Structures are given as structure tokens and as C-alpha cells.
Amino acid sequence: MSTELDKLLIRDISRLYEDSDDHNVQIQVGHGSNVRVFKAHSVILRARSSYFRAALSSNWAKKDGDYMILHQPNISPIVFEIILKYLYTGKISMDDMNIRVNYTCLLAAADELAIIELIDHIQEHVIKNDAALLKRKLVEFLTTTARHEACSKLHKYCEGVICDDPIKFFSLEEFYYLDKSILINILKKELFNIKEIEVWDYLIKWGKAQHPKFPSDMSNWKPSDFSTLKETIQDCIPHIRFFNISGLDYYNKVRPYKKILPKELRDDMEQFYITNQIPSRSIVLPPREKGGIDSKIINPTYAAIFASWIDKKEEPYQFHYIPYKFELLIRGSRHGLNDYREFLKRCSNKGPTLVVIKVRGSNRLLGGYNPVKWCASGGYLSSNDSFIFSFDNNNHMTKPILSRVKTPDRAIFNVEDEYLGFGSDLEWFAGICEQNDYQQKIYNGIEFIMEDYEVFQVVKL
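Residue numbers (the UniProt record's numbering): 1 to 461.
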């Protein structure tokens, strides 16, 4: 009964937003030509926001007749309307396009108005339900969340996306408009799946982008151009791990910019590349960690996708947050490419496993997840959770195909010969892939030749 009464109370308060003639607050929102005046009730605003409790106090509020007057120039009218409706009704439709295109503005406005529960709600929703949009607008989300401490959860998520695939981030056109302080925080990261010389390359590109009038040909640069670039990126230099760059890359890509480096660092690098001795004057940062998966075929981004498929999530995890560890059991190129007996020796009775196959002569990946075990039992093992997959392009991961089991009783074919595999769909030692016991066809042909394969034990954390 109390639940029904609560609903009635919320309904009646909500009516104040739509239809009321006893407002006592006027809020001028926006600036320039984009200004709108909203009317509201001080009792509602005070109850819902600590910011309004202070702003509408007798010490702060300005009055014009019967109205208290507030100004919110930093918030757009369309965003304030969404927030005001939320304050009255307790509802916000996260699927509404007006809300989706204004996520970052809503976060900034909610922080300014001290509506912490709304910030938390938006952060959770974006991470769980709209991560794809965040990745498309990554720089916008990163910049907004860096400026608002209350958005730290979403900011950490953005940083995780960058660390998982830094090349993709650095390749964004918006990267060149990134604030220097945010760039420095990224350069400080230890876990980075990228070569250090690539970090240097993108830093130089960012620095040049701040001065579009620089000559494109460095041979035409004046001393003042080098001085300007030095001043632009000097705060970033301490976070580049120069002593993890090869001599060839140093000569071709760092040395041409030696004028922008501190003299002591230049001298130490020359000593290092000539004598191979670590200098004692410069701070030598350790190599960045490359991620936590031992593989020649896949990177952490793939592992995050596989983990999401295991847990039947629509959006992939970030690698740093996946609830599994992928431990390498066998690699074909190391332990025997076509030796199914060695596979059974190393992989039998290990519990859930993931098989990843590189097809010779292409960038095609095939594979499957066995949630039960391999054991050469001489027959089929049943599972409702197994799946097989294909990636059309190993480099860009376009068009992945996920095919879940269709005939659970024939999910895993455990035999002691080359025909073991996922039902009768994927028998990698036999080089056969055709659609039978799983929902979708994952390979255009029927036969293939392995270039390499890896099997990982999937350990729940």
C-alpha cells in the first residue's frame, strides 16, 4: 500500500512541473541569443539540490517583486529543461535522443547544480548501455569528465578505453584539440599497448597541430619554430620513455627534433645509444606494461570482447575490468601446429577454455569457447553456453561473427583424433569449418589451413 501512496505523491508533485501558477523563482538560463527564463518552486529546488539550497537562501537570492531571480549562463536551456523536469519528477529517459546527444553537458550541469545522484546515474548508464557512443565521442567525454571530479568513474573508464587501444585514440582528429593537462595525464599511464616511439610521434603531431602555420617541410623551419614547439611540449617531455626507443628510431624520429629537448637529456641519449649504458643523470622510466595476455594472435581488446561474449553482454568490457584471466596453455607455433595429442596433453581437464586460430594467407581469425572441458571422452559434451566466432580482419576487427550453440547436446566433440572441436562446425586440426550445430556460419569456405593457434584457460577472477 505504501508503494502505491508513494507513486501518488510523486505523480502529484510532478504535476507542479506541468501545470502550476504559484511559482516563486525565475531562472534565466543560457547566454547571448540562446536565453530562456524558467519558472520553478523554491521548495522543490531546495529539497532536490544543495546548490539551490544555498542559492535561494536569504543571504544570496536576489528578488524582483514576488520572484527570486537566478542566473545560469553556463547551462544551455535544452539541458536545464531536462534537469528541471528531473528535479520535479525524479524521471529521466536515457534513451531520449536529446539526452544522448547532451550527456556531457548534462554531467557538467548536474555537477554545477550539485545533483550527485543524477551524475552517478548518467555515468552508470553510459558505461553499461552506451559505451559505443562514448567511444565515438571519446575526447569530448574525456575532457568533460577531467574537469568535473564527480565524474571520476566515467573518466577512469575513458582512460581505460584509451589504454586498451591508444593508436585508435591518437588517430582521432579531435585528439589534436586535447588540453595539454589531459594529454600529460595520458602520457603518465603505465599500461599502454603501444610502442614508445609511437607515443613520441603522436606527441610531435599534437605539438605541431597547436601551430598550424608551421612549414610542413622541417628543412624550412626557422629557429623560432623549434623554440615554439619546445615551449609547447616541454611539460610532456619528462613522460616520454626515451630510453625504451630503439637506436634506429631515435636516429630517424627523435634526433631531428633534438633542438626541442633539454641539453642534458640529449647528451644522455647520445651516450646511451653509443655505449649502451644507462645514464646516471636523467630519470630513466621503466617500460610501459603492454597488457595482461600472452598471445601472438590477439591483443587485450579481443580478450575484452571474448569476456563480454562469455557473460552475454551486449557491450564489450574494458580489458582492465574483465572478470577473467586468460592463461596460455598451448601455442601451435611453439608446441606443434598439427599435433592434436600435444593439445590434449596440455589442455585436457583444464575447465573452460578459449581457442583462437589464425588462418593462413589472411587476417582471418576463427575460434570458439568451451565452457566445459576437453577430455577425449570419445563423444559429445553438452553445453548451452559454448560459442564459435570469426573476425574478418585481424587488424581492424571489423564485422565479428558470434555464433552460439544451436544443438547443446553436440556442443563439444571430445575425441582423440584430428576431428575434435566445436560440434561438427569447427574442427581446427582437420581444417574444417561448416555450419551444423551452431547458429551461424562463420567461414565462407569449408576447408582452411592454420597459420597458428592458441588455447587459453579461462579463469574466473
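Built from N, CA and C at the ideal position, the CB exists for glycine as well.
None of the values given here were measured: they were computed from a predicted structure.
What is the DSSP secondary structure of residue i, reduced to helix, strand or coil?
| i | result |
| --- | --- |
| Gly445 | coil |
| Asp452 | strand |
| Ala109 | helix |
| Arg281 | coil |
| residue 465 | The structure shown does not extend to residue 465, since the chain spans only 1 to 461, so no value can be given for it. |
| Cys347 | helix |
| Phe183 | Looking at the sequence provided, one finds Leu at residue 183 rather than Phe. In this structure, Leu183 counts as helix in the three-state DSSP scheme. |
| Ile127 | helix |
| Ser227 | helix |
| Lys325 | strand |
| Leu337 | coil |
| Asn414 | strand |
| Gly421 | strand |
| Leu426 | strand |
| Ser383 | coil |
| Gln271 | helix |
| Glu264 | helix |
| Trp374 | strand |
| Lys358 | strand |
| Ser390 | strand |
| Tyr302 | helix |
| Cys163 | helix |
| Arg136 | helix |
| Glu173 | helix |
Could you give the distance in angstroms between the alpha-carbon of residue i and the alpha-carbon of residue j?
| i | j | result |
| --- | --- | --- |
| Lys153 | Arg360 | 42 Å |
| Tyr250 | Pro262 | 15 Å |
| Ala61 | Asp120 | 28 Å |
| Pro279 | Arg241 | 13 Å |
| Ile322 | Thr232 | 37 Å |
| Asp22 | Ala110 | 25 Å |
| Arg255 | Leu191 | 26 Å |
| Asn185 | Gln234 | 14 Å |
| Val199 | Leu172 | 14 Å |
| Gly336 | Leu354 | 18 Å |
| Leu209 | Asp165 | Going by the sequence as given, residue 209 is Ala instead of Leu. Ala209 and Asp165: Cα-Cα distance of roughly 22 Å. |
| His211 | Lys313 | 44 Å |
| Ala132 | Glu315 | 8 Å |
| Leu420 | Trp374 | 9 Å |
| Pro400 | Val101 | 27 Å |
| Cys163 | Gln435 | 36 Å |
| Val29 | Ile83 | 12 Å |
| Lys168 | Asp392 | 18 Å |
| Met450 | Lys358 | 6 Å |
| His31 | Val37 | 11 Å |
| Lys39 | Lys230 | 52 Å |
| Trp206 | Met218 | 16 Å |
| Ile446 | Glu418 | 16 Å |
| Asp311 | Glu124 | 18 Å |
| Met97 | Val415 | 53 Å |
| Thr228 | Lys258 | 14 Å |
| Ala304 | Phe319 | 5 Å |
| Lys63 | Ile194 | 58 Å |
Mind checking whether residue i and residue j have CB atoms under 8 Å apart?
| i | j | result |
| --- | --- | --- |
| Phe422 | Ile432 | no |
| Val126 | Phe175 | no |
| Ile78 | Glu112 | no |
| Arg341 | Ile330 | no |
| Tyr324 | Leu461 | yes |
| Asp409 | Ser386 | no |
| Glu196 | Ile245 | yes |
| Ile99 | Leu107 | no |
| Ser42 | Val25 | yes |
| Ser308 | Tyr302 | no |
| Thr104 | Phe141 | yes |
| Asp437 | Ser333 | no |
| Glu289 | Phe456 | no |
| Arg281 | Glu264 | yes |
| Gln72 | Ile122 | no |
| Leu366 | Ile442 | yes |
| His239 | Leu178 | no |
| Asn297 | Val356 | Contrary to the premise, residue 297 reads as Ile rather than Asn in this sequence. Result yes, Cβ atoms of Ile297 and Val356 sit closer than 8 Å. |
Since I believe residue j is in contact with residue i (beta carbons under 8 Å), could you give me their beta-carbon distance rounded to a whole number of angstroms?
| i | j | result |
| --- | --- | --- |
| Ser377 | Ile388 | The Cβ separation is near 20 Å, so there is no contact. |
| Phe243 | Phe272 | 6 Å |
| residue 484 | Ile182 | Residue 484 is absent from the structure shown; the chain starts at 1 and stops at 461. |
| Ser295 | Glu454 | 6 Å |
| Ala202 | Phe226 | The question names Ala, yet the displayed sequence has Tyr at residue 202. Actually they do not touch by this definition, with Cβ atoms about 19 Å apart. |
| Phe448 | Asn338 | So it is not a contact: roughly 13 Å between Cβ atoms. |
| Pro300 | Val458 | The Cβ separation is near 15 Å, so there is no contact. |
| Leu56 | Arg46 | 6 Å |
| Tyr86 | Ile44 | That belief does not hold up - the Cβ atoms of Tyr86 and Ile44 are roughly 11 Å apart, past 8 Å. |
| Lys128 | Val161 | Not really, about 14 Å apart at Cβ, beyond 8 Å. |
Cβ of residue i versus every heavy atom of the ligand HEM: is any distance shorter than 7 Å?
| i | result |
| --- | --- |
| Pro77 | Here there are no bound small molecules, and the ligand HEM is not part of this structure. |
Length-filtered (4 minimum) alpha helix (DSSP H) runs lying within the UniProt domain "BTB" (23-96): Fully enclosed alpha helix (DSSP H) runs of 4 or longer: 42-48, 50-55, 77-89.
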